[in-house]
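Contents: one structure, followed by commentary.
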Amino acid sequence: MPVKKILMFLNEPYPGDIRVFKESDALLKAGFEVHLLCLRKNATQPSDERLENGLFIHRVATDSSTFQKGVWDIVIATFWKHPIFSHRARKLVRQHTFAAVHVHDLPLAYTAFSLAEKFGATKVLDLHENYPEALAVWFEWRRNPFIRLKNNIFFNYKKWSGYEINAIKRADHVITVVDEMRDRMIEVSGEKNEKFSVVSNTEQSDFIQQVDDPEVYEDWKEKFIITYTGNVGPHRGVDTVVKGMQYLKDIKDCKLVVAGSMNDAVRNYLGGLCAEFDIEANVRLLGYQPFSKFFSFMKNASINLIPHNSNPHTDHTIPHKLFQCMMVGRPVIVSSCKPLKRVVETTEAGKVFQAGNAEDFASQVRELYNNRILTEKLAKNGLGATLEGKYNWDTDSGILVNYYQSIA
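Using the working numbering, the letters of the sequence shown correspond one by one to residues 72 to 479.
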């Protein structure tokens, strides 16, 4: 029997999204041949290459500037197709017989499906998040009037939610990252449960085999450190955490570290909060850090944080970081976003605070600070749930592979 080929579409450069790597790698290890059609980040990246793990990369040569990317986003939002992706994909299907087309996230869905329908391939829609709601969150802090006008015209909720429903109906199979998103898709589309699979953003067990740097916190390494790792944006809830530190000033060795990319506006806003509440000595806004250091930040923290604001976007997705934080053997404090709350409460891996409530956040920190036995118990539970329980990539990759084997 010939090896079945899968063509993935990604409207981003590769490497980037870790989910794309993990899914393609799982399918490769299961014996499938996987091709990824994606954007080219810069001219140094080859148009075509085969990576060491066997993944075939085909890059679309578009201008990588923010302006040019915005222009192509408008083209997609107007015609629901990306002409350069379409042109390159047609060349690929003349060279290969693809059993399935797998599109990551919503923007390229029609581009991929039009091709699949023409050549009789199975159409798989992989929704990493609630994209229509995410648009509103991503643009929340944008103040440029021209950008806001563009977003209101081309990236409004009504326009993209209609596109989302049609894409779900048009797909042969839909993959989501959490149960809550699957349930929402069934409700808005009227499609049956059998059309959906949940492949969550769990972590591979070798995540904990990375090199640990115990000096990552430098002179704070002996403190009670609560840590946020990852990009800082409007929906991340980091401002709630910073505000919460004002209620913990009496705990002299309690420190907050924010390690992740933030633009100048975000840094100035968070820095202003630190000054307003006189907590500058207790908070460090480190900004961008190499990905290789995130493991050490997580492992050497006393508590890891996922403080997302609760909204229709965050209530229907889940970050890889939750399972990474659990896997390093440290307790987590998360906000009451539905998926976060469900996982943390069912595994008893941490504490939950009311999203957006700085005082409630501080009270959860105080409880763990005062009860080290509970802290260790929660940490052990998280470690067990990820390494020995169902919240690991071995489980979720099996769901993905089983689906593709069922249509092979």
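Cβ atoms here follow ideal geometry from the backbone N, Cα and C, with glycine treated the same way.
query = CA-CA distance, S363 and R253?
reply = About 32 Å.
ask   = By how many angstroms is the C-alpha of L110 removed from the C-alpha of M81?
value = Met is not the amino acid found at residue 81; the sequence shown has Leu there. Separation of L81 and L110 (C-alpha to C-alpha, rounded to the nearest whole angstrom) is 7 Å.
query = Count the other CB atoms within 10 Å of the CB of Q395; is the residue buried (16 or more) or exposed (fewer)?
reply = It counts as buried.
query = Beta carbon of E419, beta carbon of N382: below 8 Å?
reply = Contact: no.
ask   = With distances taken from CA atoms, which of Y474, S276, A426 and F365 is nearest G460?
value = Taking each of Y474, S276, A426 and F365 in turn and checking the Cα distance to G460, the smallest one comes out for S276.
Contacts around M72, its chain only, beta-carbon distance under 7 Å, and the 5 residues preceding and following it disregarded = Interpretation of M72 is limited by its pLDDT of 48, a score under 50 that renders its predicted location unreliable; the figure taken from the coordinates is listed afterwards. Contacts found: none.
request  = With DSSP collapsed to three states, give me the class of F103.
outcome  = Of the three classes helix, strand and coil, the one that applies to F103 here is coil, per DSSP.
ask   = Around the C-beta of W464, are 16 or more other C-beta atoms found within 10 angstroms, so that it is buried, or is it exposed?
value = Within a 10 Å sphere around the beta-carbon of W464 sit 16 or more other beta-carbons, which makes this residue buried.
ask   = Since V159 is in the beta strand (DSSP E), which residue starts that stretch and which ends it?
value = Here residue 159 turns out to be Arg, not Val, going by the sequence shown. For R159, there is no enclosing beta strand (DSSP E); the enclosing alpha helix (DSSP H) covers residues P154 to Q166.
request  = Could you tell me if F365 is buried or exposed, where buried requires 16 or more neighbouring beta carbons within 10 angstroms of its beta carbon?
outcome  = Counting Cβ neighbours within 10 Å, F365 comes out buried, since at least 16 surround it.
request  = Mind reading off the beta-carbon distance from G342 to L356? Whole number of angstroms is fine, and I expect it under 8 Å.
outcome  = About 6 Å separates the two Cβ atoms, so the contact holds.
ask   = Do you know whose CA, among F103, H158 and L78, lies nearest Q476's CA?
value = Minimum Cα-Cα distance from Q476 among the listed residues F103, H158 and L78 corresponds to F103.
inquiry  = L179 and F156 - do their beta-carbons sit closer together than 8 Å?
reply    = A distance below 8 Å separates the beta carbons of F156 and L179.
ask   = Sorted by chain position, which residues of the same chain lie with C-beta nearer than 7 Å to E83's C-beta, five sequence neighbours on each side aside?
value = Excluding sequence neighbours, E83 sits near C109 and L110.
query = Using a Cβ-Cβ cut-off of 6 Å (strictly less than) and excluding sequence neighbours within five positions of N375, which residues of its own chain qualify?
reply = Result list for N375: T298, M369, C396, R401 and V403, in chain order.
task = With distances taken Cα to Cα, identify the nearest neighbour of S332 among R165, R307 and A171.
result = Per the Cα distances, R307.
inquiry  = Please give me, in chain order, every unbroken run of the alpha helix (DSSP H) with length at least 4 that falls completely inside the stretch 325-397.
reply    = As far as the stretch 325-397 is concerned, its whole alpha helix (DSSP H) runs of at least 4 residues are 335-347 and 362-370.
query = Does the beta-carbon of P410 have 16 or more other beta-carbons within 10 angstroms, so that it is buried, or is it exposed?
reply = By the neighbour-count rule (16 or more Cβ atoms within 10 Å), P410 is buried.
key: Spatial distance of D176 from D349 (CA atoms)   = Going by C-alpha positions, D176 is about 42 Å away from D349.
key: Of the residues K76, Y85 and A114, the one placed nearest A101, counting alpha carbons only   = Ranking the options by Cα distance to A101, first place goes to K76.
task = Using three-state DSSP, classify I297 as helix, strand or coil.
result = It is a strand residue.
Endpoints, the beta strand (DSSP E) within which I77 is located = Note, I77: beta strand (DSSP E), K76 to P84.
request  = Count the other C-beta atoms from every protein chain shown that fall within 10 angstroms of the C-beta of F169, then say buried if there are 16 or more, exposed otherwise.
outcome  = F169 is buried by the Cβ-count criterion.
query = Ends of the alpha helix (DSSP H) at T457?
reply = For T457, the enclosing alpha helix (DSSP H) stretches over residues R443 to L458.
task = Quick one: using the 10 Å Cβ neighbour count with 16 as the cut-off for buried, is L445 buried or exposed?
result = By the 16-neighbour rule on beta-carbons within 10 angstroms, L445 is exposed.
task = Spell out the partners DSSP gives E120 in its beta bridges.
result = Its beta-bridge partners are I128.
query = What number of angstroms, rounded off, separates the C-alpha of F226 from the C-alpha of R121?
reply = One C-alpha to the other measures close to 35 Å.
ask   = Can K326 be considered in contact with the ligand SAH, in the sense that its beta carbon sits closer than 7 Å to one or more heavy atoms?
value = In the structure on display, the ligand SAH does not appear, and there are no ligands present to speak of.
query = Does the beta-carbon of F138 have 16 or more other beta-carbons within 10 angstroms, so that it is buried, or is it exposed?
reply = Classification of F138: exposed, given that the 10 Å Cβ count is below 16.
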